[in-house]
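Enquirer: Note that our numbering has the sequence shown beginning at 88, numbered continuously upward.
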Amino acid sequence: MKNLKDLVIRTAQVGSSRYGFIYACDPEREKREEPHTYIFGWDNNEIELVESDYDAHSLCVMEHPKAGLVNISEEGWYTANFTDGRGICEDLFTHTTPPPKTRRVRGLRSVRAIDGWAHAIGIRGMAYRLDKPNLWTRIDDGLPDTFNGQAIHGFGLSNLFAVGRAGQIWHFNGKEWQQENTPTNRNMYAVVCAPDGTVYVGGLGGILMRGGLGQWSVIEQTETGNDIWDLEWFADKLYVSTLNGLFTLENDRLQPVNYGKHTVSSTYQLSVRKGVMWSNGEREIMEFDGETWTRIV
Numbered sequence: 088m089k090n091l092k093d094l095v096i097r098t099a100q101v102g103s104s105r106y107g108f109i110y111a112c113d114p115e116r117e118k119r120e121e122p123h124t125y126i127f128g129w130d131n132n133e134i135e136l137v138e139s140d141y142d143a144h145s146l147c148v149m150e151h152p153k154a155g156l157v158n159i160s161e162e163g164w165y166t167a168n169f170t171d172g173r174g175i176c177e178d179l180f181t182h183t184t185p186p187p188k189t190r191r192v193r194g195l196r197s198v199r200a201i202d203g204w205a206h207a208i209g210i211r212g213m214a215y216r217l218d219k220p221n222l223w224t225r226i227d228d229g230l231p232d233t234f235n236g237q238a239i240h241g242f243g244l245s246n247l248f249a250v251g252r253a254g255q256i257w258h259f260n261g262k263e264w265q266q267e268n269t270p271t272n273r274n275m276y277a278v279v280c281a282p283d284g285t286v287y288v289g290g291l292g293g294i295l296m297r298g299g300l301g302q303w304s305v306i307e308q309t310e311t312g313n314d315i316w317d318l319e320w321f322a323d324k325l326y327v328s329t330l331n332g333l334f335t336l337e338n339d340r341l342q343p344v345n346y347g348k349h350t351v352s353s354t355y356q357l358s359v360r361k362g363v364m365w366s367n368g369e370r371e372i373m374e375f376d377g378e379t380w381t382r383i384v
């Protein structure tokens, strides 16, 4: 069994307190360009579940069309495992409706649950929703090939925000996409829709914006100039993650997170579920219950 300490964490997803999933890779195999992923189920111990033969790099917990977990790779391979014990591994690009006008290969960037449904976003104007275990609905009619999407979130299936390179933000109302006017042309890597109706977007060089339909403004923070790779809303706060720091937004200023007795140097992505949040970097995973941080890895 592979030891997680010898691997690099690609991504992780919290399931509940002290339980979640960790996707990792072997640096030596990556150098040889061997597609692979080591998948661990974490339940106070690491348990290797399976090794996949593709480079899964993003995952989310879904409730529909059935409860389970779905991951994707840049190349288009995805696996959906359901709580009823069933699973499926297919090529997203060949299990899509309606068919695209031109053949699609590669370019998927992330997958995220919105209203319990998995949504995937990618470059060249790609956006999908998993409506059946083996069928993704293409919802990107109207998105141009020049939109290189990186992240997607929303308040519901008919109120989505997709962000990408060159400062582009697009809104989907359930029928059509409209581009938002933004005050920047920096690449955007993360988006989260907060319960109060505010949308937060982060990206290149530490740029952080808030807004909504037709109204966006830059939060002039000076705490970090590092790229913002993920955003989450947890315990009534916005959490902002770079590759080497995690912050909260307090009165329009970024404040470094206090981990208590722990020293943390590896950050990257965030996930929230059932009252807990995970922060994962290449070597570390920390869990937060709103009061106390606990080291997972």
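Yeah, the Cβ is synthetic: ideal placement off N, Cα and C, and Gly gets one too.
These figures come from a predicted structure and were not determined experimentally.
Grab me the residues of residue 344's own chain with a C-beta within less than 7 Å of its C-beta, minus the 5 sequence neighbours each way, in chain order.
Expert: 333, 334 and 335
Enquirer: From 220, 203, 204 and 198, pick the residue whose C-alpha is nearest to that of residue 213; which is it?
Expert: 198
Enquirer: Counting only the same chain and skipping the five closest in sequence on each side, list residues whose C-beta sits under 7 Å from that of residue 89.
Expert: 125 and 135
Enquirer: Could you check what DSSP says for residue 253 in three-state terms: helix, strand or coil?
Expert: helix
Enquirer: Pick out the complete beta strand (DSSP E) segments inside the stretch 250–321, 3 residues or longer, and give them in chain order.
Expert: Taken in chain order, the complete beta strand (DSSP E) segments of 3 or more residues contained in the stretch 250–321 are 256–259, 264–266, 275–280, 286–290, 295–299, 302–305 and 317–321.
Enquirer: Out of 203, 230, 209 and 231, state which residue places its alpha-carbon closest to the alpha-carbon of residue 244.
Expert: 203
Enquirer: Identify the continuous alpha helix (DSSP H) that holds residue 114 and give its terminal residues.
Expert: 114–118
Enquirer: Span of the beta strand (DSSP E) holding residue 158?
Expert: Judged by DSSP secondary structure, residue 158 falls within the beta strand (DSSP E) whose first and last residues are 155–160.
Enquirer: What does DSSP give as the partner residue(s) for residue 239 in the beta ladder?
Expert: According to DSSP, residue 239 bridges with 249.
Enquirer: Shortest alpha-carbon distance to residue 130 belongs to which of 380, 226, 374 and 379?
Expert: 374
Enquirer: Would you mind working out which of 271, 273 and 187 sits nearest residue 232, comparing C-alpha positions?
Expert: 187
Enquirer: Decide if the stretch 142–158 is in contact with the stretch 168–185; the criterion is three or more beta carbon pairs, one per stretch, under 8 Å apart.
Expert: Three or more beta-carbon pairs drawn from the stretch 142–158 and the stretch 168–185 are found closer than 8 Å, and the two stretches are therefore classed as touching.
Enquirer: Taking the alpha carbon of residue 320 as the reference point, which residue from 299, 363 and 307 has its own alpha carbon closest?
Expert: 363
Enquirer: Which whole runs of the beta strand (DSSP E) in the stretch 124–196 are 3 residues long or more, in chain order?
Expert: 124–130, 133–139, 143–149, 155–160, 164–169 and 174–178
Enquirer: Which one or two residues does DSSP pair with residue 106 in a beta bridge?
Expert: 103 and 130
Enquirer: Among 317, 262 and 337, whose alpha-carbon lies nearest the alpha-carbon of residue 310?
Expert: Among 317, 262 and 337, the Cα nearest to that of residue 310 is on 337.
Enquirer: Nearest by alpha-carbon distance to residue 352: which of 369, 361 and 340 is it?
Expert: 369
Enquirer: When DSSP labels each residue in this structure, what does residue 94 get in the three-state scheme?
Expert: coil
Enquirer: If we count the other Cβ atoms within 10 Å of its Cβ and call it buried at 16 or more, is residue 292 buried or exposed?
Expert: exposed
Enquirer: Could you tell me which residues DSSP pairs with residue 201 in its beta bridges?
Expert: 204
Enquirer: What's the C-alpha gap between residue 167 and residue 137?
Expert: 13 Å
Enquirer: So, using beta-carbon positions, are residue 223 and residue 181 closer together than 7 Å?
Expert: no
Enquirer: Could you pull the DSSP bridge partners for residue 359 from this structure?
Expert: 364
Enquirer: Within its chain, find whatever has a CB closer than 6 Å to the CB of residue 366; leave out the 5 residues flanking it on each side and keep chain order.
Expert: 333, 354, 357 and 373
Enquirer: Which whole-angstrom value is the C-beta distance of residue 234 and residue 251, which I expect to be below 8 Å?
Expert: 6 Å
Enquirer: Whose CA, out of 259, 185, 140 and 289, lies closest to the CA of residue 300?
Expert: 259
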